[in-house]
Amino acid sequence: MAAHAKADNWPCWRGVEGNNHAAEDTDAPLRWDLETGQNVVWKTALPGHGHSSPVVIGDHIFLTTADTAAQTQSLLRLDRESGRLMDNWILHRGTLPARIHSNNSHASPTPAFDGESLFACFHTDDAIWVTAMTNSGREVWKTRVCEFKPSAFQFGYGASPLVEDDLVIIAAEYDGRDSGLYALDARTGKRVWKVPRPINLNFSSPIAATIAGQRQVLLAGADKIVAYDPPTGRVLWKVDASTEAICGTVVWDDRRVMISGGNPVNGTWCVLGDGSQAQLWQNRVMCYEQSLLAIKNFVFAIADNGVAYCWRTGDGVEMWKKRLFGGPVSASPLLVKDRLYIASQRGTVYVIAAVPDRFDLLAENATGDSMHASPVAVDDRLFLRCAVGTGDDRKEYLVATGNVTN
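Take the sequence shown: its letter number 188 is residue 187 in numbering that gives the first Met the number 0, and every next letter is one higher.
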């Protein structure tokens, strides 16, 4: 096998730039096969169950998991080169929520890394908790962010933490008094600011972007898209767009900001992100759990029914649409070079050309029996969290694929 040099990291949900684009010099294989081992670098069995994506830091890979039988929530550490499971650090025990949605997990938020600490976020003990850990497993701090005890819909939690400068920003929007967007000091875990959010169950992760020359934290849900000033939490602008409950993360293209959702209103919305508070277009396509993916002047969507779309961001004109599969889908599409990697819940990863002028299916790859976590690509390897089997026989794995040469 060719030597593998570790250069890049994937430190948080949706990567370094927050757009789910792999680095320009990163590649990934078009095809792999778990049964024959074609282009499979390693495959590691994982304890428990989770929907979080891996983060890749230096020599290691980190991801969260939960064991419902043991009533634990943990942070896992794997060796990046070999895939060997090195550590299972239990952060919470005996405090899992009594009920969550059947399509959710007790370990759905993806951890975040700020260069010094990893931040693992869990819904546990009727609250949102964040733990800061060194990459060697030493706990730096643990903070109860707020109560999180939904009453009308006990669906659990899903928002990933956002690191922005020296802050860890947490969205905890639900039908309770503590519903809000919270910023913690990354060094101490102390609260820096809180912005109240509507009394409304929402699952979207905050994301940071620079749009029209202004750094802003974007969050959708409660029928609005809102931009916040990162240091203070002050509202920069808001637009009446989206729907009540959003799971996906906001994406952007130049001055345009987009989101898709489906509860209770199905749709995809595009607004200006320059503070002018203008909605440019909307349609009725629903991407409920999965995020969109934007490139310059265009945005791609994989709807809940398995139909892929490309729209022009300036005016919403449909460039093409094509059915890939019969649905459903939870994972968000990943851009690697000029290709989109799209994982269905049934375990097939589709590779299509990320071009606006035509639909071009490049490959289909059976990858276990189910996938909920979004793929990650770093240093010519594609990392896939999948599961094999169903019911009591279900087992999760983290798989590293690459263009293997002997």
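Where is the CB? At the ideal position from N, CA and C, for every residue including glycine.
Taking the C-beta atoms as reference points, Ser-373 is found no nearer than 9 Å to Leu-323. Distance between Gly-388 and Gly-261, taken at the CA atoms: about 29 Å. Note that the segment 116-125 does not touch the segment 211-230; fewer than 3 beta-carbon pairs, one per stretch, sit closer than 8 Å.
When secondary structure is reduced to three states using DSSP, Asp-78 falls in the strand class. In the three-state reduction of the DSSP assignment, Asp-174 falls in the coil class.
Cβ neighbours of Ser-241 within its own chain (closer than 7 Å, five residues either side excluded): Ala-219, Gly-220, Asp-222, Lys-223, Ile-224, Ile-258, Gly-260, Trp-268. Collapsing the DSSP output to three states places Asp-184 in a strand. The beta-carbon distance between Ile-127 and Val-144, rounded to whole angstroms, is 4 Å. This is short enough to meet the 8 Å contact definition. For the 9 Å CB-CB criterion, Met-370 and Arg-380 do not form a contact.
With respect to the C-alpha of Thr-400, the residue from Asn-18, Asp-7, Asn-38 having the closest C-alpha is Asn-38. Look at Asp-392 here: in three-state DSSP terms it is helix.
The alpha-carbon separation between Asp-58 and Leu-74 amounts to approximately 16 Å. Cβ-Cβ distances below 8 Å link Phe-297 to Asp-252, Cys-309, Trp-310, Arg-311, Thr-312, Met-318, Pro-355 in the same chain, with the five nearest sequence neighbours on each side left out; the list follows chain order.
Boundaries cannot be given for Ala-302, as no beta strand (DSSP E) includes it and DSSP labels it neither H nor E.
Listed in chain order, the alpha helix (DSSP H) elements of length 4 or more contained wholly in the segment 241-302 amount to none. Distance from the CA of Asp-26 to the CA of Asp-337, rounded to the nearest whole angstrom, comes to 10 Å. Closest in alpha carbon position to Val-403, among Asp-378, Pro-110, Arg-283, is Asp-378. Straight through space, the alpha carbons of Ala-111 and Leu-90 are spaced by roughly 16 Å. Under the three-state reduction of DSSP output, Ser-51 falls in the coil class, being neither helix nor strand. The beta carbon of Pro-46 lies closer than 7 Å to those of Thr-64, Asp-66, Asn-87 in the same chain, with the five residues before and after it left out. Going by C-alpha positions, Gly-232 is about 21 Å away from Asp-174. With contacts defined by Cβ atoms closer than 9 Å, Gly-82 and Trp-41 form a contacting pair. When the beta-carbon positions are compared, Ser-331 and Asn-19 come within less than 9 Å of each other.
Beta bridge pairing from DSSP links Met-132 with Leu-117, Glu-138. As a beta-bridge residue in DSSP terms, Thr-347 pairs with Ala-365.
Only residues of its own chain outside the window of five on either side were considered, and among them Ala-365, Thr-366, Gly-367, Asp-368, Ser-369, Met-370, Cys-385, Ala-386 have a CB closer than 8 Å to the CB of Gly-346, listed in chain order.
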